[in-house]
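Numbering of the sequence shown is given in the numbering used here, commencing with residue 13 and proceeding in unit increments.
For every residue, glycine included, the Cβ atom is placed at its ideal position computed from N, Cα and C.
Since we're looking at a predicted model, the values are computed, not measured.
Accompanying notes for the structure given below.
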Amino acid sequence: MSEPIVVPLAQVKDALKAPRPRTLPIQAPADALPASALPTDTLGRPLHDLRISVTDRCNFRCSYCMPRHIFASDHEFLPHSELLSFEEITRTASIFMQLGVRKLRLTGGEPLLRKHLEMLVAQLSGLQTIDGTTPELTLTTNGSALAKKAQALKDAGLKRVTVSLDALDDAVFRRMNDADFPVADVLRGIEAAQAAGLGPIKVNMVVQKGVNDHQIIPMARHFRGTGIELRFIEFMDVGSTNGWNMAQVLPSDEIRQLIANHWALEPIAPRQISDTAQRWAYADGQGSIGFISSVTNAFCGACNRLRLSTDGRLYSCLFATQGHDLRALLRGGADNQTIQAGIHHLWSARADRYSELRSSHQGAIERIEMSYIGG
Ligand code: SAM
Ligand code: SF4
Ligand code: SF4
Numbered sequence: 013m014s015e016p017i018v019v020p021l022a023q024v025k026d027a028l029k030a031p032r033p034r035t036l037p038i039q040a041p042a043d044a045l046p047a048s049a050l051p052t053d054t055l056g057r058p059l060h061d062l063r064i065s066v067t068d069r070c071n072f073r074c075s076y077c078m079p080r081h082i083f084a085s086d087h088e089f090l091p092h093s094e095l096l097s098f099e100e101i102t103r104t105a106s107i108f109m110q111l112g113v114r115k116l117r118l119t120g121g122e123p124l125l126r127k128h129l130e131m132l133v134a135q136l137s138g139l140q141t142i143d144g145t146t147p148e149l150t151l152t153t154n155g156s157a158l159a160k161k162a163q164a165l166k167d168a169g170l171k172r173v174t175v176s177l178d179a180l181d182d183a184v185f186r187r188m189n190d191a192d193f194p195v196a197d198v199l200r201g202i203e204a205a206q207a208a209g210l211g212p213i214k215v216n217m218v219v220q221k222g223v224n225d226h227q228i229i230p231m232a233r234h235f236r237g238t239g240i241e242l243r244f245i246e247f248m249d250v251g252s253t254n255g256w257n258m259a260q261v262l263p264s265d266e267i268r269q270l271i272a273n274h275w276a277l278e279p280i281a282p283r284q285i286s287d288t289a290q291r292w293a294y295a296d297g298q299g300s301i302g303f304i305s306s307v308t309n310a311f312c313g314a315c316n317r318l319r320l321s322t323d324g325r326l327y328s329c330l331f332a333t334q335g336h337d338l339r340a341l342l343r344g345g346a347d348n349q350t351i352q353a354g355i356h357h358l359w360s361a362r363a364d365r366y367s368e369l370r371s372s373h374q375g376a377i378e379r380i381e382m383s384y385i386g387g
């Protein structure tokens with residue numbers, strides 16, 4: 013568990029070039045889907061949450077996600093023709109609603125780099141879940157364009173946003189995003205999102221030991237009492253380019269202890285069993301914080317998420333090594349019922365629980381990058 017994954021640079025660069033990682037066809041069983049059938053996977057987990065990556069591009073180069081020496085100026089991102097169109101995404105999402113999905117999260121890459129994203133938001137916000145309610149429509153962003161886009165996204169029907177922010181100190185933040193992007197602009201984006209009513213807002217901070225752990229208390233102090241929930245994410249071994257090393261993971265328990273030394277904390281009962289974060293409230297009523305501990309306290313048991321990559325592949329786990337080619341069905345003339353049956357079949361066969369089995373997977377190199385699959 014403590015050994016870094018060492019993969020030669022040339023091999024990693026080759027693996028990132030098109031064609032994308034191994035793809036499997038989606039097989040629709042010949043017999044039609046029973047009208048009311050909501051699939052559960054082999055571990056009894058329902059399908060609830062669809063994460064949609066709308067671009068594999070990003071204006072940041074966070075070293076834990078898109079290290080600049082790998083995602084350099086010669087990196088080949090997907091050409092526009094490979095991206096699912098807004099109509100294809102909306103059609104896909106509407107099929108997912110029939111299979112029980114209630115939550116849609118737009119992500120990437122940096123989703124706000126996708127032109128006219130608010131048009132997609134408007135289309136998705138018009139969908140209905142199987143209960144006739146509107147889906148919970150959210151977005152994860154680095155916040156760099158949020159000040160400009162928050163109001164348009166809200167007007168289009170976006171419910172709330174999660175903003176990634178790893179430090180308050182400007183120099184540390186600029187170094188971590190490796191794009192010399194100032195922290196003040198992200199903070200302005202968060203304010204704009206709050207003013208537009210895109211709340212409750214969550215802020216995600218990936219903690220890397222020796223890199224930004226000294227920012228934990230300043231971040232906690234800054235967001236206490238604002239109604240914004242700060243969530244600490246353990247540095248994960250996702251992808252094969254970030255040189256992940258267990259020595260750089262600061263376990264959530266240690267972060268919580270650090271914060272508890274400043275402000276008393278009380279545990280909050282989970283809202284849903286599938287919640288990724290364990291939440292704690294400040295005992296003085298100044299709000300709550302969360303911990304996403306996918307390394308030290310895996311939460312696969314209730315994982316009900318499926319990911320749709322920018323080019324229309326379905327991934328049943330963040331650590332999946334192969335995707336299922338939904339785009340071939342969408343562009344090949346398949347009707348909605350056939351696609352629905354194919355996804356039903358796929359989810360019913362799902363057995364993923366990578367984080368729980370992490371130690372036995374050491375050395376695997378064919379991991380998909382988070383910027384492609386969607387965080
Ligand atoms: N660009 C957007 C952003 O940064 O919010 C959306 C995509 S990003 C891949 C989604 C989330 O994944 C971010 O909160 C980011 O911090 C997190 N992330 C990326 N790589 C990670 C890693 N190796 N370990 C933990 N979290 C990671
Ligand atoms: Fe870009 Fe988000 Fe990855 Fe950072 S974490 S490089 S902002 S996609
Ligand atoms: Fe879900 Fe895979 Fe993450 Fe486990 S490792 S929580 S199955 S995405």
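As assigned by DSSP and simplified to three states, the class of aspartate 61: Along the sequence shown, read from residue 1 onward, the residue named residue 61 stands at position 49. Three-state result, aspartate 61: strand.
Sufficient close CB pairs (3 or more, under 8 Å) joining the stretch 99-119 to the stretch 131-143: yes
Exposure of isoleucine 267, with buried meaning 16 or more beta-carbon neighbours within 10 Å: In the sequence shown, the residue the question calls residue 267 occupies position 255. Buried: at least 16 other Cβ atoms inside 10 Å.
Straight-line gap, alanine 49 to aspartate 296 (C-alpha atoms, nearest Å): The residue labelled residue 49 in the question sits at position 37 within the sequence shown. The residue labelled residue 296 in the question sits at position 284 within the sequence shown. About 46 Å.
Distance cut-off 7 Å: leucine 330 Cβ against heavy atoms of ligand 3: Within the sequence shown, the letter at position 318 stands for residue 330. Yes, the beta carbon of leucine 330 sits closer than 7 Å to at least one heavy atom of ligand 3.
Bounding residues of the beta strand (DSSP E) (the contiguous stretch that carries arginine 243): Along the sequence shown, read from residue 1 onward, the residue named residue 243 stands at position 231. Run containing arginine 243: 241-246, per the beta strand (DSSP E) assignment.
Check: valine 250 C-beta below 7 Å from any heavy atom of ligand 1: Locating residue 250 in the sequence shown gives position 238, counting from the first residue. It does: the Cβ of valine 250 is within 7 Å (strictly closer) of some heavy atom of ligand 1.
Collapsed DSSP secondary structure at leucine 124 in the structure displayed: Numbered from 1 along the sequence shown, position 112 holds the residue referred to as residue 124. Helix.
Contact under 8 Å by Cβ, serine 383 with methionine 78: Against the sequence shown, residue 383 aligns to sequence position 371. Against the sequence shown, residue 78 aligns to sequence position 66. Going by C-beta atoms, serine 383 is nearer than 8 Å to methionine 78.
For valine 184, the first and last residue of its enclosing alpha helix (DSSP H): Taking the sequence shown and counting its residues from 1, one reaches residue 184 at position 172. Per DSSP, valine 184 belongs to the alpha helix (DSSP H) from 182-189.
Same chain only: Cβ atoms within 6 Å of serine 367, ignoring 5 sequence neighbours per side: If you number the sequence shown from 1, residue 367 lands on position 355. Result list for serine 367: Ser306, Ala310, Cys312, in chain order.
Close Cβ partners of glutamine 140 (< 7 Å) along its chain, the five nearest in sequence each way excluded: Working through the sequence shown from its first residue, we reach residue 140 at position 128. Result list for glutamine 140: Met109, Thr146, in chain order.
Cutoff 8 Å: alanine 204 Cβ touching any chain D Cβ: Considering every chain present, this structure includes no chain D. It has just one protein chain.
Start-to-end residues for the beta strand (DSSP E) that takes in valine 218: Mapped onto the sequence shown, residue 218 falls at position 206. Looking at the DSSP string, the run of the beta strand (DSSP E) that includes valine 218 is 214-219.
Residues near threonine 393 in its chain [Cβ-Cβ closer than 6 Å; skip 5 each side]: Lying outside 13 to 387, the shown extent of the chain, residue 393 is not represented and no answer is given.
Own chain partners of isoleucine 271 with C-beta closer than 6 Å, once the 5 adjacent residues on each side are dropped: Counting from one through the sequence shown, the residue named residue 271 turns up at place 259. Closer than 6 Å at Cβ, skipping near neighbours: Ala232.
Residue burial classification, proline 37 (beta-carbon count within 10 angstroms, cutoff 16): To locate residue 37, count along the sequence shown from 1; it is residue 25. Label assigned to proline 37: exposed.
Contact under 8 Å by Cβ, glycine 230 with glutamate 246: One-based indexing of the sequence shown puts residue 230 at position 218. One-based indexing of the sequence shown puts residue 246 at position 234. As written in the sequence, residue 230 is proline, which differs from the glycine given in the question. Not in contact: proline 230 and glutamate 246 (Cβ atoms no closer than 8 Å).
Sequence-distant residues of the same chain with beta carbon closer than 6 Å to isoleucine 385, five excluded per side: Stepping through the sequence shown from its first residue, residue 385 is reached at position 373. Counting only Cβ-Cβ distances below 6 Å, and skipping sequence neighbours, we find Arg319, Ser321, Tyr327.
Secondary structure of serine 300, DSSP reduced to three states: Taking the sequence shown and counting its residues from 1, one reaches residue 300 at position 288. DSSP places serine 300 in strand when its eight states are reduced to three.
Whole-angstrom C-beta distance between glycine 299 and glycine 237, which should lie under 8 Å: The residue you call residue 237 lines up with position 225 of the sequence shown. The residue you call residue 299 lines up with position 287 of the sequence shown. Confirmed, about 6 Å.
Cβ-heavy atom distance, alanine 310 to ligand 3, below 7 Å: The residue given as residue 310 occupies position 298 in the sequence shown. Ligand 3 approaches alanine 310 closely enough that one of its heavy atoms is under 7 Å from the residue's Cβ.
Identity of the residues DSSP links to valine 175 by a beta bridge: Position 163 of the sequence shown, counting from 1, holds the residue named residue 175. Thr153, Val215.
Check: glutamate 99 C-beta below 7 Å from any heavy atom of ligand 2: Residue mapping note: residue 99 aligns to position 87 of the sequence shown, counting from 1. Not under cutoff, so the answer is no.
Cβ separation of isoleucine 301 and arginine 243, assumed to be a contact under 8 Å, to the nearest whole Å: The sequence position of residue 301 within the sequence shown is 289, counting from 1. The sequence position of residue 243 within the sequence shown is 231, counting from 1. About 7 Å; that satisfies the 8 Å criterion.
Limits of the alpha helix (DSSP H) - the one that threonine 104 falls within: Residue numbering aside, residue 104 sits at position 92 when the sequence shown is read from its first letter. Its alpha helix (DSSP H) spans residues 98-110.
Distance between glutamine 269 and threonine 308 (C-alpha atoms, nearest Å): Against the sequence shown, residue 308 aligns to sequence position 296. Against the sequence shown, residue 269 aligns to sequence position 257. Straight-line Cα distance between these residues: approximately 15 Å.
Exposed unless 16 or more other CB atoms sit within 10 angstroms - verdict on arginine 343: The sequence position of residue 343 within the sequence shown is 331, counting from 1. Exposure of arginine 343 is indicated by the presence of fewer than 16 other C-beta atoms within 10 angstroms of its C-beta.
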